[in-house]
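*Asks:* To convert, note that position 53 of the sequence shown is 53 in full-length UniProt numbering; the numbers rise steadily by one, no gaps. Don't be surprised by glycine CBs; every beta carbon is placed ideally from N, CA and C. The structure displayed is predicted, hence computed values, not measured ones. Please find one structure pasted underneath; my questions will follow.
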Amino acid sequence: MPVLDFRQKLAILSDAAKYDASCASSGAAGRNSAKSKGIGSTEGSGICHAYAPDGRCISLLKILLTNFCVYDCVYCINRSSSNVSRARFSVEEVVALTMNFYRRNYIEGLFLSSGIIKSSDYTMEEMVRVARKLRLEENFSGYIHLKTIPDASPALLEEAGLFADRLSVNIEMPTDVTLSALAPEKDARDIRRSMGHLRAKIEEHRGEKRDRTKPRRFSAGGQSTQMIVGADQSSDDDVLTRSENLYGNYRLSRVYYSAFSPIPDSSSRLPLAKPPLMREHRLYQADWLMRFYGFQRAEIVSGGEGGMLDLAVDPKLAWALRNRASFPVDVNRADREMLLRVPGLGTRAVKRILSTRRHRTLRLDDVARLCQSIAKVRPFITALDWSPGGLTDCAGLRESFVPKAKRPASQLELF
């Protein structure tokens, strides 16, 4: 195997990491170099929460420690049977790269994952060494996200949490059946066991408000995971059922959805074409409704057909169109829970409405100033000077929200 220089390694291992969507800089603990006498911070001029249009964080140095892997997951381009260029960073190289890039203001933190080499414990120990050296030897106070290895020893997972701002364990597939079929070396029970252990440690280190001595920080940003969408026949209902379980049982900070991307020399068990990116986008919207808007999974899925979300309209609008008997809603009387179900009203707009109506009776123009799109809101509300009349029950209401001129599919999928 030819010897690779540093630039070649970086090109290979940064490209290999692009398939992992489960990284974001939100939720980090507040650390500042001015106070810690270190380098970097997780606020101010440190992590700036820069996101790409599809929701992925772009402010982190996102690399693999290595793309060698003993596993042969069918959907992974770095599987052991894949004919791709291989590379491996040493611990010292990752530390030096992170510090040099940060000093040049290229990055604001590190997201580190890895293929499995030798054993799960060996790989996890190498990743922990990177975080340990950055924190203790380089005094790095910036953001660190580590992808943990599910069947690594609990002791290594615990040490990782002491140095990382966030940990993640990828669940990979929406169901245990498809995970076993496409990634036979992985065990869903190991993944859930690791998630449960991390949840317990995060809660243990959170401490109580009355505690005089606060426990040492442990993965202050919580834990996250990723699911690949479109690599199997799972419906959106299957995907959201898994997410519902993960949020409820393991208190995950975030579930990320990644549309399957066809890979070279792939198995016949995988689809030949990728799913529309709009499907990924709708799943993120549905996820948001479950987490912040009080929607139940079954309600969200009911807005589509056959367990799939409606790709033409967002999930909240799809639900409202199926439940028109619940509308229109009086913006001057309705409670917060019902206002959050009005298409076009976000959490901030609802907060502003509740605050403003204590002092005055709202008119339609007032609502327009408090939300982003009054056109979407108008058919579903009443105000002092507004009633939608028959608009709420209009047969062509759905079509009015769908663009008349169809854009090319490749362009539509981006938005």
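1) Which full runs of the alpha helix (DSSP H) of 4+ residues lie inside the segment 121-187, going along the chain?
2) Can you name, in chain order, every residue of its own chain whose Cβ lies under 7 Å from the Cβ of S194, other than the five neighbours on each side?
3) Measuring alpha carbon to alpha carbon, tell me which of G248, N249, P275 ends up nearest S258.
4) Near L397, what residues of its chain come up, given a Cβ to Cβ distance below 8 Å and the 5 sequence neighbours on each side ignored?
5) Quick check on DSSP: helix, strand or coil for V367?
6) With DSSP collapsed to three states, give me the class of A383.
7) With a CB to CB cut of under 6 Å and the five nearest residues on each side skipped, what residues in its chain are close to S120?
8) Determine the DSSP secondary structure at A259, reduced to helix, strand or coil.
9) Using the C-alpha atoms, what's the distance from C73 back to S113?
10) Could you tell me the alpha carbon to alpha carbon distance between F401 and V313, rounded to whole angstroms?
11) Counting Cβ pairs, one atom from each stretch, are 3 or more of them under 8 Å apart for the segment 190-206 and the segment 138-146?
12) From the DSSP output, in three-state form, read off A17 for me.
13) Which ranges does the beta strand (DSSP E) cover as unbroken runs of at least 3 residues, wholly within the segment 215-298, from first to last along the chain?
14) Is Y122 buried or exposed, if buried means 16 or more other CB atoms sit within 10 Å of its CB?
15) Excluding sequence positions up to five away, which residues of its chain have a Cβ less than 7 Å from the Cβ of F218?
16) From the DSSP output, read off the bridge partner residues of R88.
17) In three-state terms, what does DSSP make of L4?
18) Just to confirm the assignment, what range does the beta strand (DSSP E) spanning F111 have?
19) Going by DSSP, what residues sit across from D330 in a beta bridge?
20) Suppose the cutoff is 7 Å on Cβ atoms and the five residues either side in sequence are ignored; what does the same chain contact list for G294 look like?
21) Comparing alpha-carbon positions, which option in D20, E93, S59, S82 lies nearest R7?
22) With H, G and I counted as helix, E and B as strand and the rest as coil, what does DSSP make of L61?
23) Going by the beta-carbon positions, is the gap between P174 and R242 smaller than 8 Å?
24) In this structure, does DSSP put I47 in helix, strand or coil?
25) Just how far apart, CA to CA, sit M290 and G307?
26) Whole angstroms are fine: how far does the CA of E305 sit from the CA of Q223?
27) Leaving out five residues on either side along the sequence, give the residues of the same chain with a beta carbon under 6 Å from the beta carbon of R251.
28) Counting only runs that start and end within the segment 295-326, where is the alpha helix (DSSP H) found for 4 or more residues in a row?
29) Which residues in the same chain as S14 place their Cβ atom closer than 6 Å to its Cβ, once the five residues preceding and following it in sequence are excluded?
30) Can you tell me the Cα-Cα spacing of N83 and G115, whole angstroms?
31) Taking just the CA atoms, how far does E138 sit from R103?
32) Look up R398 in the DSSP assignment and say whether it is helix, strand or coil.
33) Tell me the DSSP secondary structure of V94 in three-state form.
34) Would DSSP call N105 helix, strand or coil?
35) Between which two residues does the alpha helix (DSSP H) harbouring I374 extend?
36) Can you tell me whether H281 is buried or exposed, with buried defined as 16 or more other CB within 10 angstroms of its CB?
*Replies:* Reading from the atomic positions:
1) If we require 4 residues or more, the alpha helix (DSSP H) runs fully inside the segment 121-187 come out as 154-163, 176-182.
2) Here the question's residue 194 lines up with position 194 in the sequence shown. Counting only Cβ-Cβ distances below 7 Å, and skipping sequence neighbours, we find T148, P150, L157, V169.
3) The residue given as residue 258 occupies position 258 in the sequence shown. Of the candidates G248, N249, P275, the one whose C-alpha sits nearest the C-alpha of S258 is P275.
4) By 1-based counting over the sequence shown, the position of residue 397 is 397. L321, P379, L391, listed in sequence order.
5) The residue labelled residue 367 in the question sits at position 367 within the sequence shown. Reduced to three states, the DSSP call for V367 is helix.
6) Mapped onto the sequence shown, residue 383 falls at position 383. Three-state result, A383: strand.
7) The count along the sequence shown starts at 1 and reaches residue 120 at position 120. The answer, listed in chain order, is I149, D151, A152.
8) Position 259 of the sequence shown, counting from 1, holds the residue named residue 259. In the three-state DSSP reduction, A259 falls in the strand class (E or B).
9) Locating residue 113 in the sequence shown gives position 113, counting from the first residue. Locating residue 73 in the sequence shown gives position 73, counting from the first residue. So the alpha carbons of these two residues sit roughly 16 Å apart.
10) For the purposes of this step, residue 401 is taken as the residue at position 401 of the sequence shown. For the purposes of this step, residue 313 is taken as the residue at position 313 of the sequence shown. Using only the alpha carbons, I get a separation of about 7 Å.
11) By the Cβ criterion, the segment 190-206 is not in contact with the segment 138-146, since fewer than three pairs of Cβ atoms, one from each stretch, lie closer than 8 Å.
12) Numbered from its first residue, the sequence shown carries residue 17 at position 17. Correct three-state label for A17: helix.
13) Along the length of the segment 215-298, whole beta strand (DSSP E) runs at least 3 residues long occupy 223-229, 254-259, reported in chain order.
14) The residue given as residue 122 occupies position 122 in the sequence shown. Label assigned to Y122: exposed.
15) Residue 218 sits at position 218 when you count from the first residue of the sequence shown. Here the set comprises G161, L162, K201, I202, H205.
16) Locating residue 88 in the sequence shown gives position 88, where the first residue counts as 1. As a beta-bridge residue in DSSP terms, R88 pairs with T66.
17) Translated into the one-based positions of the sequence shown, residue 4 becomes position 4. Coil at L4, not helix or strand.
18) Here residue 111 is taken as the residue at index 111 of the sequence shown, counted from 1. Unbroken beta strand (DSSP E) run through F111: 109-113.
19) Against the sequence shown, residue 330 aligns to sequence position 330. BP columns for D330 point to T382.
20) Here residue 294 refers to the residue found at position 294 when the sequence shown is read from its first residue. Spatial neighbours of G294 in its own chain (CB-CB distance under 7 Å, excluding positions within 5 residues in sequence) are listed in chain order as E337, L340.
21) As a first step, residue 7 must be located in the sequence shown, where it is residue number 7. The alpha carbon of R7 has as its nearest neighbour, out of D20, E93, S59, S82, the alpha carbon of E93.
22) Taking the first residue of the sequence shown as 1, we reach residue 61 at position 61. Correct three-state label for L61: strand.
23) Residue 174 sits at position 174 when you count from the first residue of the sequence shown. Residue 242 sits at position 242 when you count from the first residue of the sequence shown. At the C-beta level, P174 and R242 come within 8 Å of one another.
24) As a working note, residue 47 is residue 47 in the sequence shown. A caution first: I47 carries a pLDDT of 34, below 50, which makes its placement in the model unreliable, though a value can still be read off. I47 carries a coil assignment under DSSP once its states are collapsed to helix, strand and coil.
25) Numbered from 1 along the sequence shown, position 290 holds the residue referred to as residue 290. Numbered from 1 along the sequence shown, position 307 holds the residue referred to as residue 307. If I take the Cα positions, the gap works out to 16 Å.
26) By 1-based counting over the sequence shown, the position of residue 223 is 223. By 1-based counting over the sequence shown, the position of residue 305 is 305. Per the coordinates, the alpha-carbon of Q223 lies some 32 Å from the alpha-carbon of E305.
27) The residue labelled residue 251 in the question sits at position 251 within the sequence shown. Hits under 6 Å: R199.
28) With a minimum length of 4 residues, the continuous alpha helix (DSSP H) runs that stay inside the segment 295-326 are 297-301, 315-322.
29) Here residue 14 refers to the residue found at position 14 when the sequence shown is read from its first residue. The residues are I63.
30) In the sequence shown, the residue the question calls residue 83 occupies position 83. In the sequence shown, the residue the question calls residue 115 occupies position 115. The alpha-carbon atoms of N83 and G115 are separated by roughly 15 Å.
31) Mapped onto the sequence shown, residue 103 falls at position 103. Mapped onto the sequence shown, residue 138 falls at position 138. Those two C-alpha atoms are separated by around 12 Å.
32) Here residue 398 refers to the residue found at position 398 of the sequence shown. Assigned with DSSP and collapsed to three states, R398 falls in helix.
33) Here the question's residue 94 lines up with position 94 in the sequence shown. Of the three classes helix, strand and coil, the one that applies to V94 here is helix, per DSSP.
34) As a first step, residue 105 must be located in the sequence shown, where it is residue number 105. In this structure, N105 counts as coil in the three-state DSSP scheme.
35) As a first step, residue 374 is located in the sequence shown; it is residue number 374 there, counting from the start. Unbroken alpha helix (DSSP H) run through I374: 374-377.
36) Here residue 281 is taken as the residue at index 281 of the sequence shown, counted from 1. When all chains shown are included, H281 counts as buried.
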